[in-house]
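*Asks:* Let me begin by handing over the structure; questions about it come next.
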Amino acid sequence: MNLRRLALWMVLVGLAAAVWWALEPGRLTSVQALRDLQVQWSTWANAHPLSAAVGFFALYVVATALSIPGMATALTLLGGALFGVLQGTLLVSFASAIGATLAFLSARYLLREPLRKRFAGAMAAIDAGILRDGPAYLFGLRLVPIFPFFLVNLAMGLTPLRTATFYGVSQIAMLPATLVYVNAGTQLASIEHIRDVASPGLLSALALLGVLPLVGRLLTDALQRRHLYRRWTRPRRFERNLVVIGAGSGGLVTAYIAAATRASVTLIERHKMGGDCLNTGCVPSKALLHAASRFALARRLAAQGMIDSPCEVDFPQVMEQVHAAIE
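Position one of the sequence shown corresponds to residue 51 (the working numbering), numbered consecutively onward.
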């Protein structure tokens, strides 16, 4: 680990410890603690609305960037209680997206390269999927609040997803859950426990929203296939179980195994059956090596007096044998 990464680790750990000591996040899981905090801050927030909004915004960004579990939910409820639905939603929405992006960048800078070196194969497969469908995956995860957002931030930081894409998708996709929790925060006095904020029905509805990107992708793929095949008529029945295109070594084996299981197979080859291996590679070279080894043996036998005929090579005949092996 280089000195810059080590220094950043130390700064982040120090900030996390300072925030933990100042706010004691463990007690913020209690609704009564949130009510007490609301009472303490409400007077100051009413007297200094701008300073309170800026301070709350900065605190939310820092807490989210440090990925402190449970802090985002507690501060979101507190934001609704202090600032109301409209202002609270605006503050929490932008602060959460900015803090998430900072956590995303921290994970990318501190963890991505070491993990890539250690798990190169596994991460290559993940990277390919993210490059293809990363925004859709992130959108679905953001819409379903049963996945801890701080884990999503850190996990996405280990991928090649563009920072601008991460921020934009997060800003939009976290809005439904943000609105739900901010609105619940305005009713803080009637809440008995944080787990009561979102009912199973509400979580199910948000989970269904998370499926929408996948449904959209399936519909898009179906429309693309329909556009691609519009010039052809789908046959009423198929005359073959399998069509193998290319009669190279792989195609020959595939067709042979399928035919051996009594499948109806068509094998298509535009040039020579067997491909390079049969016609110009493996088979002819091994046939030549076989002839050469026999000739070498005959020379040794002649040198030992075991045969009396001279050892000569009839190369055209050798090539006929090579072509016979190919056939």
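Note that the Cβ used here is the ideal one computed from N, Cα and C, for glycine as well.
Are residue 236 and residue 130 closer than 8 angstroms when you measure CB to CB?
*Replies:* Position 186 of the sequence shown holds residue 236. Position 80 of the sequence shown holds residue 130. Their beta carbons are under 8 angstroms apart, which means residue 236 touches residue 130 by this criterion.
*Asks:* Identify every residue that forms a DSSP beta bridge with residue 317.
*Replies:* Walking along the sequence shown from the start, residue 317 turns up at place 267. Answer by DSSP bridge pairing, in chain order: 294.
*Asks:* Are the CB atoms of residue 308 and residue 292 within a distance shorter than 8 angstroms?
*Replies:* If you number the sequence shown from 1, residue 292 lands on position 242. If you number the sequence shown from 1, residue 308 lands on position 258. Between residue 292 and residue 308, the CB-CB gap stays under 8 angstroms.
*Asks:* Could you tell me whether the Cβ atoms of residue 185 and residue 219 are closer together than 8 angstroms?
*Replies:* In the sequence shown, counting from the first residue as 1, residue 185 sits at position 135. In the sequence shown, counting from the first residue as 1, residue 219 sits at position 169. The answer is yes: Cβ separation under 8 angstroms.
*Asks:* Under the three-state reduction of DSSP, which class applies to residue 288: helix, strand or coil?
*Replies:* Translated into the one-based positions of the sequence shown, residue 288 becomes position 238. Correct three-state label for residue 288: coil.
*Asks:* Please classify residue 142 as buried or exposed, where buried requires at least 16 neighbouring CB atoms within 10 angstroms.
*Replies:* The count along the sequence shown starts at 1 and reaches residue 142 at position 92. Residue 142 is buried by the Cβ-count criterion.
*Asks:* Using CA coordinates, which residue listed in 177, 152, 151 is at the minimum distance from residue 163?
*Replies:* As a position in the sequence shown, residue 163 is number 113, starting the count at 1. Selected option, being the one with the closest Cα: 177.
*Asks:* For residue 314 and residue 288, what's the separation of their Cα atoms in angstroms?
*Replies:* Numbered from 1 along the sequence shown, position 264 holds the residue referred to as residue 314. Numbered from 1 along the sequence shown, position 238 holds the residue referred to as residue 288. Taking the straight line from one Cα to the other gives about 10 angstroms.
*Asks:* Which word fits residue 353, buried or exposed, when buried means at least 16 other C-beta atoms lie within 10 angstroms of its C-beta?
*Replies:* One-based indexing of the sequence shown puts residue 353 at position 303. The residue in question, residue 353, is exposed, as its Cβ has fewer than 16 Cβ neighbours within 10 Å.
*Asks:* By how many angstroms is the C-alpha of residue 92 removed from the C-alpha of residue 165?
*Replies:* Taking the first residue of the sequence shown as 1, we reach residue 165 at position 115. Taking the first residue of the sequence shown as 1, we reach residue 92 at position 42. Between the alpha carbons of residue 165 and residue 92 lies a distance of about 45 angstroms.
*Asks:* Confirm, please, whether the CB-CB distance from residue 115 to residue 149 is below 8 angstroms.
*Replies:* For the purposes of this step, residue 149 is identified with residue 99 of the sequence shown, where counting begins at 1. For the purposes of this step, residue 115 is identified with residue 65 of the sequence shown, where counting begins at 1. Yes, the pair counts as a contact, with Cβ atoms nearer than the cut-off.
*Asks:* Enumerate in chain order the residues of its own chain whose CB-to-CB distance from residue 371 is below 7 angstroms, with the five nearest sequence positions on each side excluded.
*Replies:* Translated into the one-based positions of the sequence shown, residue 371 becomes position 321. 337, 341, listed in sequence order.
*Asks:* Let me check understanding here. Comparing Cα to Cα, which of 294, 334, 349, 223 lies closest to residue 319?
*Replies:* On the sequence shown, residue 319 is found 269 positions in, with the first residue counted as 1. Of the listed residues, the one whose Cα sits closest to residue 319 is 294.
*Asks:* Between 348, 323, 360, 366, which has its C-alpha nearest residue 377's C-alpha?
*Replies:* The count along the sequence shown starts at 1 and reaches residue 377 at position 327. It is 323 whose Cα lies nearest to the Cα of residue 377.
*Asks:* For residue 411, does the three-state DSSP call read helix, strand or coil?
*Replies:* This structure gives no information on residue 411, because the portion of the chain shown stretches from 51 to 377.
*Asks:* Do residue 209 and residue 155 come within 8 angstroms of each other at the CB atom, strictly closer than that value?
*Replies:* Locating residue 155 in the sequence shown gives position 105, where the first residue counts as 1. Locating residue 209 in the sequence shown gives position 159, where the first residue counts as 1. Not a contact, by the Cβ cut-off of 8 angstroms.
*Asks:* Residue 191: which of 302, 375, 202 sits nearest, CA to CA?
*Replies:* If you number the sequence shown from 1, residue 191 lands on position 141. The option with the nearest alpha carbon to residue 191 is 202.
*Asks:* Kindly indicate which three-state DSSP category residue 163 falls into: helix, strand or coil?
*Replies:* Stepping through the sequence shown from its first residue, residue 163 is reached at position 113. Residue state, collapsed to three classes: helix.
*Asks:* Can you tell me whether DSSP reads residue 371 as helix, strand or coil?
*Replies:* In the sequence shown, counting from the first residue as 1, residue 371 sits at position 321. In this structure, residue 371 counts as helix in the three-state DSSP scheme.
*Asks:* Would you give the residue range spanned by the alpha helix (DSSP H) that residue 171 belongs to?
*Replies:* In the sequence shown, the residue the question calls residue 171 occupies position 121. Segment 170-193, the alpha helix (DSSP H) holding residue 171.
*Asks:* Within 10 Å of its beta-carbon, does residue 311 have 16 or more other beta-carbons around it, so buried, or fewer, so exposed?
*Replies:* Here residue 311 is taken as the residue at index 261 of the sequence shown, counted from 1. By the neighbour-count rule (16 or more Cβ atoms within 10 Å), residue 311 is not buried but exposed.
*Asks:* Which of the three DSSP states is assigned to residue 129 in this structure?
*Replies:* Taking the first residue of the sequence shown as 1, we reach residue 129 at position 79. Reduced to three states, the DSSP call for residue 129 is helix.
*Asks:* Could you name the residues of the same chain whose beta carbon sits closer than 6 angstroms to that of residue 298, not counting the 5 residues immediately before and after it, in chain order?
*Replies:* Along the sequence shown, read from residue 1 onward, the residue named residue 298 stands at position 248. Excluding sequence neighbours, residue 298 sits near 325.
*Asks:* Is the beta carbon of residue 88 less than 8 angstroms from the beta carbon of residue 132?
*Replies:* Taking the first residue of the sequence shown as 1, we reach residue 88 at position 38. Taking the first residue of the sequence shown as 1, we reach residue 132 at position 82. Yes, these two residues count as a Cβ contact at 8 angstroms.
*Asks:* Quick check: residue 121 and residue 108, are their CB atoms within less than 8 angstroms of each other?
*Replies:* Numbered from its first residue, the sequence shown carries residue 121 at position 71. Numbered from its first residue, the sequence shown carries residue 108 at position 58. Their beta carbons are not under 8 angstroms apart, which means residue 121 does not touch residue 108 by this criterion.
*Asks:* Using the C-alpha atoms, what's the distance from residue 138 back to residue 227?
*Replies:* For the purposes of this step, residue 227 is taken as residue 177 along the sequence shown, with counting starting at 1. For the purposes of this step, residue 138 is taken as residue 88 along the sequence shown, with counting starting at 1. One C-alpha to the other measures close to 13 angstroms.
*Asks:* Answer with yes or no whether the minimum CB distance from residue 295 to chain B is below 8 angstroms.
*Replies:* Absence of chain B from the displayed structure is noted, only one protein chain being present.
*Asks:* Using only the alpha-carbon positions, how far apart do residue 5 and residue 305 sit?
*Replies:* Lying before the first or after the last residue shown, residue 5 is absent from the chain, which here runs from 51 to 377.
*Asks:* Using 8 angstroms for Cβ pairs, my map puts residue 345 next to residue 333. What's the rounded Cβ distance?
*Replies:* Taking the first residue of the sequence shown as 1, we reach residue 345 at position 295. Taking the first residue of the sequence shown as 1, we reach residue 333 at position 283. Incorrect: roughly 19 angstroms between the Cβ atoms, too far for contact.
*Asks:* Among 199, 174, 160, 221, whose alpha-carbon lies nearest the alpha-carbon of residue 144?
*Replies:* Counting from one through the sequence shown, the residue named residue 144 turns up at place 94. Selected option, being the one with the closest Cα: 221.
*Asks:* Roughly how many whole angstroms lie between the Cα atoms of residue 111 and residue 207?
*Replies:* Here residue 111 refers to the residue found at position 61 of the sequence shown. Here residue 207 refers to the residue found at position 157 of the sequence shown. Roughly 17 angstroms separates the two Cα atoms.
*Asks:* Under 8 angstroms between the Cβ atoms of residue 119 and residue 200?
*Replies:* Indexing the sequence shown from 1 puts residue 119 at position 69. Indexing the sequence shown from 1 puts residue 200 at position 150. The answer is yes: Cβ separation under 8 angstroms.
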